[in-house]
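Everything below concerns the one structure shown next.
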Amino acid sequence: QASLLDLYDPDRAQIITKIGNTRTWGEFVGEMRDAAASEKSKQGSGIRILTETVISPTLADQIKGVLKIYPQAKWYQYDPINRDASRAGSRIAFGQYLDPVYQLQGADVVVSLDADFLSGAHFPGFLKLASDFAMRRKPEEKNPEMSRLYVVESQMSTTGGKADNRLPMRAAEIEQFASALAAAVGAGGGGTIDDEAAKKFLAVVAKDLQANRGKCAIIPGENQSPAVHALAAAMNSALGNVGKTVAYVEPIEPNPTEQGAGLKELVADMNAGRVTLLVVIGGNPIYNAPADLNFEAAYQKVPLRAHVATHVDETSRLSHWNVPMAHYLESWGDARAYDGTVSIVQPLIEPLYHGVTAHEVVATFSDSPGVAAFETVQNYWKAQNKVSAADFNAWWKKTLHDGFIPNSAAAPKSVAAKPVAAATTAKSDALEIVFRPDPTIFDGRFINNGWLQELPKPVTKLTWDNAAIMSPATAAQLGYVDQAVTEINANGKKVEAPVKIVPGHPDRSITVTLGYGRSQTGRVGTGTGFNAYPLRTQSTAGYVLGATLHRIEGKKWPLAVTQHHHLVQPGKVGAGESETGKAAADRQIIRAATLEEFRKNPEFAVEGANEPESKDLTLYPNWTEDPTKTGAHQWGMAIDMNSCVGCNACIVACVAENNIAVVGKEQVLMGREMHWLRIDTYFETKGPGDVANPRTYFQPVPCMQCENAPCEPVCPVGATVHSPEGLNDMVYNRCVGTRYCSNNCPYKVRRFNFLLFSDWDTQSLYPMRNPDVTVRSRGVMEKCTYCVQRINAAKITGEKRLGKLDANGQPYDGNVREEDNLQTACQQTCPTGAIVFGNVWDPNSRVSKLKKQSRNYALLAELNTRPRTTYIATVRNPNSELEETKPTETHA
């Protein structure tokens, strides 16, 4: 979603340079070909190409073609967040590289071994996995069935937040847990677990897996060791899951490697003087290579260094040649999805800054240096199809239209994993540092993207920074509070970091996210956060044991978080049968029950709710819902709390759709973030102070579009008014900035733009803005409009169809219906279908059907605001053998 902002980023690399001086593409091509020609007699032994992970069939074929011309040249791939552990685990389990493709539609039981597979952008196919998982989590009164998720993890993640039963565990201990679980299900492994809670958890999980053979899935985390991946494969084989809930296919990379070993070999060659020409296409290895390789020193020993990248970064600074790379939205290309399906990449516009593609750079070293990317891609697929020109043209047009090549997914392999030996990791109480990609800026490549910098991290709600994340118990033991500064010592390196305390995090473990602390990037990213890469080595890419922390007294690092409403009144969170629940039913922000409670009482979400007996009991004028008086459409929204995984994609979609400004860290610290939609995260505990392993809930909160809107009668200029179709509209031209409406909004979903933010004046961003949405200056109130511009566009389209026949042969009447594909931006981007919008007066619409469910409830309904946005209450499916006393307090 946010990559659109990268396309129009004014800080992108814009000119070709050699040692700081402007050069032309022709000069670059000439010098590269001369350098390669001088290596021809040595078969290219001094040539090296370093790329990021290549999943393009055409690009891989091109590079292999160059290696045929220069047989002694070498190609390496490196991403700091890579699949080395999965590759090595596959080699242990199968004797070859294979990729697992999980099919969760058929999984009744899912076990995650430190795998954030629901919204971790580093997890292959996470969008499809989230969608499939959500489809099995929609219990209805007539069909009260759903899957069960067990999570063992080393940090509080969004996947852990959706777990029915969760076990916090240090990253270094998960291999031993996986080994013991494998032994319990007859898949090799071995060893014992000392911790009583973990031992009980393991026994219950093993029993449930055995009872659901062929209908379960074990998913290892990309951050975990090769042994955990091998053990997961062995368990999936032993439980009969292969071919049902998991398939193993050829890797999507045309040239799969263990990238760390390749990068180590490249550094050794550079240090030994065996490299005369190194072309780095994408990536930033000087910033993110393992610290013990000292890539920077080795790189400077290469006589000729070229870097092709979208931005001038740390690697660019030490390169001779710097060539702007075209954004993928400006490029022709192709790529394989996680299951092998091929898509043809099409450009939306001509390159803004004359950037070149990887195809054109590699072609420089081939026998056809002037071939454009479009021709290269088309020629490759012509060779693959081997059909006539006319047939190929028809195939090409259909492929571009459909967006993918049909039947190109990798065929499942008929394989069985070998039993894996018992884990040999020794138990250690030493403090560990766990390295993870950042939830928003990933490995650092999106550091200059303001949308992603300001997007709250799903669990911590942190913006514009990373932090040393620790549990409340560890913080208390070491004497830390939020925003205190600690010096982390690991692998002989030191970095300073702010502390963020998060419920549910394992004790004696610190999680740091990568990608911040950049010394050279654009104006947005420079100087944000701290750089954790110096702590990371080849052998400790996932985590390092034996770290120490030293508190820096008197120093504070302000952290800009967007959620401060931490405590929800103790009481009814669940089926509401307890005395405490009945006594505190007035603020049921989160309503949840177990599957068994739902079966016994499908009305739990509304039972005991303190709603007014009459719609007339209100301070505000009632708004009629009679369509004969107000119009043919009445819009509303339902949000399924069971489906939301807290991924935040909807927030970015809303920002892109509605031209919402980036305000910066200073303004966020003052509570002035501009997002029209937020996702609140709540932690439910067993009692005061018990935050070691809370239940977690994610709740999207847009404008409620209240029927009795408290914001409307207090506006002195009529800037916020009700539309005939039930929308709470904002008339920007009337607003004079009194902010009375914001004070009167109980949901706190209105935003005031205090300043004229700088991105309004950035000319390169003008083409990015949605022309259907008013661009606001400072001094007006902003909020969600249910994407009224999309509603109006759909109505105009419907009016144009008047008199014509629809797919059922009936004449259009001008009304907008479900089949017209009217969706809000947040709904359109939600991978799990948690957000449903439509005409609530159409009894056949999806939103109407959802609102008729017994789990449907309104937020703060006791205020009689009668919100058009309602929620479908959460239903969890915990194993009763692990379920403890019902929680009594909720924190966020």
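According to my numbering, numbering within the sequence shown proceeds without interruption in unit steps and concludes at 1243.
No residue lacks a Cβ here, since even glycine has one placed at the ideal position from N, Cα and C.
Length of the line joining the Cα atoms of residue i and residue j
i        : j        : result
Leu-1067 : Gln-828  : Note on residue identity: the sequence assigns Pro, not Leu, to residue 1067. Cα to Cα, the separation comes out at about 54 Å.
Tyr-1163 : Asp-1171 : 11 Å
Leu-617  : Asp-546  : 43 Å
Leu-655  : Gln-575  : 37 Å
Thr-305  : Arg-796  : Residue coverage of the chain in this structure runs from 352 to 1243, which leaves residue 305 outside it and unanswerable.
Leu-478  : Thr-1125 : 31 Å
Lys-513  : Leu-500  : 8 Å
Ala-1007 : Asp-357  : 12 Å
Ser-994  : Thr-1180 : 13 Å
Ala-1004 : Glu-1063 : 27 Å
Leu-1116 : Phe-1108 : 13 Å
Lys-1019 : Ile-1186 : Note on identity: in this sequence residue 1019 is Val, with Lys being the wrong assignment. Rounded to whole angstroms, Val-1019 to Ile-1186 spans 26 Å at the Cα level.
Pro-1045 : Arg-942  : 15 Å
Ala-723  : Phe-743  : 19 Å
Ile-990  : Arg-1197 : 11 Å
Ala-581  : Asn-587  : 10 Å
Beta-carbon separation (whole angstroms), residue i vs residue j, contact threshold 8 Å
i        : j        : result
Ser-667  : Ala-657  : With a Cβ gap of about 10 Å, Ser-667 and Ala-657 do not count as contacting.
Arg-1101 : Met-1055 : That pair is no contact at about 11 Å.
Asn-999  : Pro-1118 : No, Asn-999 and Pro-1118 are not in contact; Cβ-Cβ is about 25 Å, not under 8 Å.
Gln-417  : Ser-719  : A small correction: the amino acid at residue 417 is Val; Gln does not occupy that position in the sequence shown. The Cβ separation is near 11 Å, so there is no contact.
Thr-627  : Glu-390  : 7 Å
Met-676  : Val-659  : 5 Å
Pro-823  : Ile-861  : No, Pro-823 and Ile-861 are not in contact; Cβ-Cβ is about 13 Å, not under 8 Å.
Glu-783  : Tyr-894  : 5 Å
Leu-464  : Ile-525  : 6 Å
Asn-673  : Lys-652  : Contact doesn't hold; Cβ gap of about 19 Å is too wide.
Arg-434  : Glu-647  : The pair is not a contact, with the Cβ atoms about 25 Å apart (cut-off 8 Å).
Pro-577  : Ala-436  : 5 Å
Residue i - DSSP class collapsed to helix/strand/coil
i        : result
Ser-463  : strand
Val-712  : helix
Met-1025 : coil
Asn-1009 : coil
Ser-437  : helix
Gln-365  : coil
Arg-1120 : coil
Ile-370  : coil
Ile-432  : coil
Met-676  : strand
Pro-571  : strand
Leu-356  : helix
Tyr-650  : helix
Pro-475  : coil
Met-821  : strand
Asp-685  : strand
CB of residue i within 9 Å of CB of residue j, strictly
i        : j        : result
Leu-886  : Lys-844  : yes
Glu-1076 : Ile-1142 : yes
Tyr-1098 : Met-988  : no
Ser-1074 : Asn-1104 : no
Cys-1001 : Leu-1028 : yes
Gly-1015 : Trp-746  : no
Ser-470  : Thr-509  : yes
Residue i: first and last residue of the uninterrupted beta strand (DSSP E) it sits in
i        : result
Ala-598  : 597–600
Gly-987  : 986–991
Gln-428  : 425–428
Ala-943  : 943–945
Gly-905  : 899–907
Tyr-453  : 450–453
Ala-835  : 835–841
Arg-874  : Per DSSP, Arg-874 belongs to no beta strand (DSSP E) and is neither H nor E.
Val-1187 : 1186–1190
Proximity test, residue i beta-carbon vs the ligand ZN heavy atom, cut-off 8 Å
i       : result
His-984 : Annotation note on the ligand ZN: not contained in the displayed structure, which lists no ligands.
For residue i, the first and last residue of its enclosing alpha helix (DSSP H)
i        : result
Glu-526  : 525–535
Ile-414  : 408–420
Trp-747  : 740–753
Gly-1077 : Neither: Gly-1077 is in no alpha helix (DSSP H) and is coded neither H nor E.
Leu-560  : 547–562
Tyr-638  : 636–639
Val-380  : 376–388
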